[in-house]
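Peer 1: In the working numbering, the protein residues as written are 13 to 140.
C-beta: ideal position from N, C-alpha, C; glycine also.
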């Protein structure tokens, strides 16, 4: 996958990617039409789209002098990579440390933790 997975997205880039994930391939003009007023400037949006292409999240097909862009990374793939990045950066690459922090901050209830344990046990049995 010839893209730089370590390159995170800005909030604006994530917003644009969400629109591609929800709507499929688009020209920048079509993308612009999805925005409420006040709409971003066409050139601003075009710059964000080109940045996403440089980072490997979008690609394009040429139609004369215009480009129709499309996502080349799935939303779930992006979520997993983002989560791995956060766990690596803030929790010493330990999913245990991340879950432990959620438990300690009371953001993960005992019931949710039990469900998580059930999921882990079911995964272990499926892979045995």
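Under three-state DSSP, which class holds residue 105?
Peer 2: coil
Peer 1: Measuring CB atoms only, is the segment 102-120 touching the segment 65-81, in the sense that at least three cross pairs come out at less than 8 Å?
Peer 2: no
Peer 1: Going along the chain, which unbroken runs of the alpha helix (DSSP H) with 4 or more residues stay wholly within the segment 78-103?
Peer 2: 87-102
Peer 1: Based on DSSP bridge pairs, tell me the residues matched to residue 38.
Peer 2: 81
Peer 1: Check for me: the alpha helix (DSSP H) holding residue 46 runs from which residue to which?
Peer 2: Where residue 46 is concerned, there is no enclosing alpha helix (DSSP H), given that its DSSP letter is neither H nor E.
Peer 1: Can you list, in chain order, the residues of its chain whose CB lies under 8 Å from that of residue 61, leaving out five sequence neighbours each side?
Peer 2: 28, 40, 43, 70 and 81
Peer 1: Exposed or buried, residue 90, counting other C-beta atoms within 10 Å across all chains shown (16 or more means buried)?
Peer 2: It is buried - the Cβ of residue 90 has at least 16 other Cβ atoms within 10 Å.
Peer 1: Please identify the residue among 67, 100 and 96 whose C-alpha is closest to the C-alpha of residue 85.
Peer 2: Taking each of 67, 100 and 96 in turn and checking the Cα distance to residue 85, the smallest one comes out for 67.
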